[in-house]
Amino acid sequence: MTDAPQTEFEIFLVTLPGLEDLLFAEVCEQGFRKPKVISGGVLIQGGWKDVWRANLVLRGASKVLARIGEFRAMHLAQLDKRARAFPWGDFIAPGHRIKVEVSTNKKSEIYHGGAAEQRIETAIHEEFGARIASSIETTDVLIKVRIARNLVILSLETSGTALHKRGHKLALGKAPLRETIAAMTLRACGYKRTEPLLDPMCGSGTFPIEAAEIAANKMAGRDRSFAFEHLVSYDADAVQAMKDGWFTREPTPHFYGSDREKQVIAHAKDNAKRAGVEAACHFEMKPVSQIAPPEGPPGLVMVNPPYGTRIGNKNELFSLYQNFGEVMRARFSGWRVGMVTTEQSLAEATKLPWKTPSAPIPHGGLKIKIYQTDAL
């Protein structure tokens with residue numbers, strides 16, 4: 001049996017399929033050690049400070065899992081015995097409400113995930129005094145267990161609520177884009193911190209707000225709580241020092257959003273204020289047909305237009321995309337355009353010179369792709 005690592009261990013940064021390479025680029029940029037792309041995310045090597053920092057600063061990760069140990073188990077009795085011998089007290093305090101989630105594969109002798117969950121939860125409860133969380137209770141510590149080829153891999157879910165929930169966007173539009181997808185879309189489209197950004201279908205303001213935060217170098221998770229705060233390893237003073245020592249700047253470019261609904265614009269303004277970037281963001285009510293480039297150098301137009309399988313009037317939707325493309329070609333010379341949508345036919349309706357789109361990314365039960373142009 002492998003002892004739980006004390007100083008260095010694998011940390012799995014989870015992201016949506018299709019975003020792994022973009023997250024890898026961000027992870028390298030932030031200086032995390034030994035990054036490696038695997039299916040569903042990026043593996044790094046580090047300690048608890050790296051876990052805290054990953055949760056606080058990464059914009060493309062949706063969860064951070066700390067791999068705390070592993071052992072072999074050929075059957076449930078062996079799983080029970082080795083789960084009882086594992087040093088859970090290094091991570092979990094007595095009285096903490098725990099939940100175990102197990103995934104298995106056909107190449108393991110243990111194939112019943114529910115039975116494995118029950119054995120591990122009971123072992124932790126009886127040996128270390130943790131409480132097994134009921135279905136209606138909030139879980140303090142979620143333990144993710146993967147059994148593959150009879151190897152039991154133990155991880156702690158250190159994020160809690162998914163990391164796209166930054167704590168600022170309380171007012172949502174009709175089809176909000178997750179902040180994690182928005183951040184990686186901006187990265188894919190080559191967004192530069194020093195250029196302006198305009199979103200003519202801004203909804204709740206996700207793209208302008210995310211771009212403004214990136215330009216200001218704000219910590220993504222600065223205003224939210226995390227599951228790692230319930231772990232024995234948590235050092236509140238060290239995490240606060242990490243926040244206090246983080247360098248931010250006043251963003252020099254400005255970020256523009258417009259939409260045709262008054263209430264939506266009000267929501268976007270409220271969200272920007274909660275994020276602390278209201279001075280850099282300008283939102284106004286206007287249809288796509290009335291948008292024009294702001295004064296100053298060109299930048300990036302970034303848009304998440306309506307799409308989906310339950311569209312009432314598809315002709316109206318194609319008309320919107322055509323109108324958007326006409327405005328871009330007529331008024332936005334020198335600007336780059338980025339867009340997320342589900343159907344190539346919608347992208348083609350704009351008649352913009354799109355480069356090869358990204359791999360499909362799951363979003364809201366659909367598959368979206370990132371489209372982008374060079375400077376028009």
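If you read the sequence shown in full-length UniProt numbering, its first letter stands for residue 1, the second for the next number, and so on. Virtual Cβ for every residue (Gly too), placed ideally from N, Cα, C.
- Nearest to residue 188 by C-alpha distance, out of 20, 362 and 10, is 20.
- Residue 367 and residue 328 have their alpha carbons spaced roughly 25 Å apart.
- For residue 331, the closest C-alpha among the options 360, 294 and 317 is that of 294.
- Going by beta carbons, residue 178 and residue 164 fall inside the 8 Å limit.
- The C-beta separation of residue 47 from residue 8 comes to about 6 Å, placing the pair in contact by the 8 Å criterion.
- If you keep only unbroken beta strand (DSSP E) runs of at least 3 residues inside the UniProt domain "THUMP" (77-157), you get 97-104, 141-148 and 151-157.
- Residue 321 and residue 352 have their C-alpha atoms roughly 10 Å apart.
- Counting the other Cβ atoms within 10 Å of the Cβ of residue 372 gives 16 or more, which makes it buried.
- The residue from 229, 215, 375 and 242 with its alpha-carbon nearest to that of residue 255 is 215.
- A distance below 8 Å separates the beta carbons of residue 281 and residue 209.
- Secondary structure of residue 318 (DSSP, three-state): helix.
- Within its own chain, the residues whose Cβ lies closer than 8 Å to the Cβ of residue 236, once the five positions on either side in sequence are excluded, are 229, listed in chain order.
- Burial check for residue 358: the Cβ neighbour count within 10 Å reaches 16 or more, so the residue is buried.
- With fewer than three CB-CB distances shorter than 8 Å, the segment 40-58 does not count as touching the segment 69-76.
- Closest option to residue 61, judged by alpha-carbon separation, among 266, 166 and 139: 166.
- The DSSP-derived three-state label of residue 32 is coil.
- Taking 8 Å as the cut-off, the beta carbon of residue 288 is found closer than this to the beta carbon of residue 200.
- Distance between residue 193 and residue 124, taken at the CA atoms: about 47 Å.
- The segment 302-309 and the segment 335-345 touch, with three or more beta-carbon pairs separated by less than 8 Å.
- Leaving aside the five residues that flank residue 32 on each side, the residues in its chain whose CB is nearer than 6 Å to its CB run, in chain order, 44.
- Exposure of residue 249 is indicated by the presence of fewer than 16 other C-beta atoms within 10 angstroms of its C-beta.
- Following the DSSP letters along the chain, one finds residue 263 inside the alpha helix (DSSP H) bounded by residues 262-275.
- DSSP places residue 11 within a strand segment (E or B) once states are collapsed to three.
- For residue 65, the secondary structure class from DSSP, reduced to helix, strand or coil, is strand.
- From the listed residues 92, 176, 152 and 231, the smallest Cα separation to residue 364 is found for 176.
- For residue 243, the enclosing alpha helix (DSSP H) starts and ends at 236-244.
- Across the set 370, 217 and 143, the C-alpha of 143 shows the shortest separation from the C-alpha of residue 97.
- Here residue 152 really is in contact with residue 70; their C-beta atoms are around 6 Å apart, less than 8 Å.
- Residue ranges of uninterrupted alpha helix (DSSP H) with 4 or more members, entirely inside the segment 319-350 and ordered along the chain, are 344-349.
- Residues of the same chain with a CB within less than 7 Å of the CB of residue 26, apart from the 5 flanking positions on each side, are 58, 59, 60 and 187 in chain order.
- Only residues of its own chain outside the window of five on either side were considered, and among them 182, 199 and 302 have a CB closer than 6 Å to the CB of residue 207, listed in chain order.
- At a Cβ-Cβ threshold of 8 Å, residue 110 and residue 68 do not count as neighbours.
- Cβ-Cβ distances below 8 Å link residue 243 to 56, 219 and 222 in the same chain, with the five nearest sequence neighbours on each side left out; the list follows chain order.
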